[in-house]
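A.B. asks:
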Amino acid sequence: RFLGKAETLMSHSKPFVPVDLKRRIFTKVSGPSFEDRLLSASRRTMDVGQLDDRRRQLLTAAFHAGMSAQIVVNRSHELILANDRAQALLRLTPSDVGRPLQDIELSPRPVDLRSMLELAVAERRAVSQPDVEWRADGESRWYEVCVTPLVLADGDLAGASIDFVDSTLARRLHQQLVQ
1 RFLGKAETLM
11 SHSKPFVPVD
21 LKRRIFTKVS
31 GPSFEDRLLS
41 ASRRTMDVGQ
51 LDDRRRQLLT
61 AAFHAGMSAQ
71 IVVNRSHELI
81 LANDRAQALL
91 RLTPSDVGRP
101 LQDIELSPRP
111 VDLRSMLELA
121 VAERRAVSQP
131 DVEWRADGES
141 RWYEVCVTPL
151 VLADGDLAGA
161 SIDFVDSTLA
171 RRLHQQLVQ
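Going by my numbering, the sequence shown opens with residue 1, and the numbers climb by one from there.
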């Protein structure tokens with residue numbers, strides 16, 4: 001039980017019921033999560049197949065609209081997904097999907113991704129390498145490369161996400177500040 005305003009209750013993932021409304025005392029009720037309740041409400045208004053298709057479209061759009069270049073590999077380190085920024089940065093083609101990462105000619109290869117992948121998977125934690133210089137088209141750019149293991153709800157490892165976060169502007173501003 002806790003004391004609180006009714007407005008704050010909507011932001012919590014579990015629903016609450018009043019014990020003493022006059023004194024604003026509520027108790028937590030076990031049941032479906034906030035996301036499950038939203039999903040249930042959506043199912044009442046549209047066909048389940050349509051919902052799954054819309055959800056898949058939303059996930060795909062969100063992945064491709066990401067601010068950083070991102071690729072996803074499976075447990076065997078085969079390329080499964082690459083967003084638009086990653087395709088441009090790494091010069092990936094549709095034929096690269098399904099190929100082992102070590103067989104793909106990343107242009108250029110800025111860091112040893114294989115060792116980062118192995119460490120992230122072995123320790124089941126995100127591993128990052130800041131200040132990776134990337135020379136392409138006569139220009140230097142700086143990235144932070146982050147490898148995050150993708151673990152399913154049952155604890156099984158599905159693969160890893162590899163992000164290339166552009167830190168060029170921050171590095172240039174820092175250099176100007178130091179000068």
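We put the beta carbon where it would ideally sit given N, CA and C, even for glycine.
Nothing here was measured: the structure is a model prediction, and the numbers come from that model.
Taking GLN175 as the reference, give the member of ILE162, TRP142, ASP156 with the closest Cα.
C.D. replies: Here the question's residue 175 lines up with position 175 in the sequence shown. Nearest of ILE162, TRP142, ASP156 to GLN175, Cα basis: TRP142.
A.B. asks: If you count every other CB in all the chains shown that lies within 10 Å of the CB of GLY159, and 16 or more means buried, which is it?
C.D. replies: The residue you call residue 159 lines up with position 159 of the sequence shown. Buried: at least 16 other Cβ atoms inside 10 Å.
A.B. asks: Taking the straight line between their C-alpha atoms, what separation do you get for LEU169 and ARG114?
C.D. replies: The residue given as residue 169 occupies position 169 in the sequence shown. The residue given as residue 114 occupies position 114 in the sequence shown. Rounded to the nearest angstrom, the two C-alpha atoms are 27 Å apart.
A.B. asks: Whole angstroms is fine: what's the gap from PRO94's alpha carbon to VAL147's?
C.D. replies: As a working mapping, residue 94 is identified with position 94 in the sequence shown. As a working mapping, residue 147 is identified with position 147 in the sequence shown. Taking the straight line from one Cα to the other gives about 22 Å.
A.B. asks: Out of curiosity, what's the CA-to-CA distance linking ILE104 and LEU177?
C.D. replies: Sequence index remark: in the sequence shown, residue 104 carries index 104 (1-based). Sequence index remark: in the sequence shown, residue 177 carries index 177 (1-based). Approximately 39 Å, taken between the alpha carbons.
A.B. asks: Name the two residues that bound the continuous beta strand (DSSP E) containing ARG124.
C.D. replies: Here residue 124 is taken as the residue at index 124 of the sequence shown, counted from 1. First-last for ARG124: undefined, no H or E at that position.
A.B. asks: Leaving out five residues before and five after LYS129 in sequence, what residues of the same chain have Cβ atoms less than 6 Å from its Cβ?
C.D. replies: Within the sequence shown, the letter at position 129 stands for residue 129. The residue you asked about is not Lys; residue 129 is Gln in the sequence shown. Here the set comprises VAL111, VAL145.
A.B. asks: Whole angstroms are fine: how far does the CA of ALA126 sit from the CA of LEU119?
C.D. replies: For the purposes of this step, residue 119 is identified with residue 119 of the sequence shown, where counting begins at 1. For the purposes of this step, residue 126 is identified with residue 126 of the sequence shown, where counting begins at 1. Their backbone Cα atoms lie some 9 Å apart in a straight line.
A.B. asks: Roughly how many angstroms lie between the CA atoms of GLY98 and VAL121, to the nearest whole one?
C.D. replies: Position 98 of the sequence shown, counted from the first residue, corresponds to residue 98. Position 121 of the sequence shown, counted from the first residue, corresponds to residue 121. Each residue's Cα considered, the two are about 19 Å apart.
A.B. asks: Out of LEU89, ARG24, ARG124, which one is the CA nearest neighbour of LEU157?
C.D. replies: Here residue 157 refers to the residue found at position 157 when the sequence shown is read from its first residue. Comparing Cα positions, the closest option is ARG124.
A.B. asks: Between which residues of its own chain and ASP163 is the CB-CB distance below 6 Å, once the five residues before and five after are set aside?
C.D. replies: By 1-based counting over the sequence shown, the position of residue 163 is 163. Only SER68, GLN70, CYS146 meet the Cβ criterion.
A.B. asks: So, with DSSP's three-state summary, where would you put ARG171?
C.D. replies: If you number the sequence shown from 1, residue 171 lands on position 171. Here ARG171 sits in helix by DSSP.
A.B. asks: CA-CA distance, VAL151 and ASP53?
C.D. replies: Sequence index remark: in the sequence shown, residue 151 carries index 151 (1-based). Sequence index remark: in the sequence shown, residue 53 carries index 53 (1-based). About 23 Å.
A.B. asks: Please report the distance separating the alpha-carbon of ARG172 from that of SER140.
C.D. replies: Locating residue 172 in the sequence shown gives position 172, where the first residue counts as 1. Locating residue 140 in the sequence shown gives position 140, where the first residue counts as 1. Computed Cα separation, rounded: 11 Å.
A.B. asks: Considering ALA88, what are the terminal residues of the alpha helix (DSSP H) in which it resides?
C.D. replies: Here the question's residue 88 lines up with position 88 in the sequence shown. It spans 84-90 - the alpha helix (DSSP H) in which ALA88 sits, taken as one unbroken run.
A.B. asks: Looking at the structure shown, is ASP96 part of a helix, part of a strand, or coil, going by DSSP?
C.D. replies: Position 96 of the sequence shown, counted from the start, is the residue given in the question as residue 96. The answer is helix: DSSP assigns ASP96 an H, G or I state.
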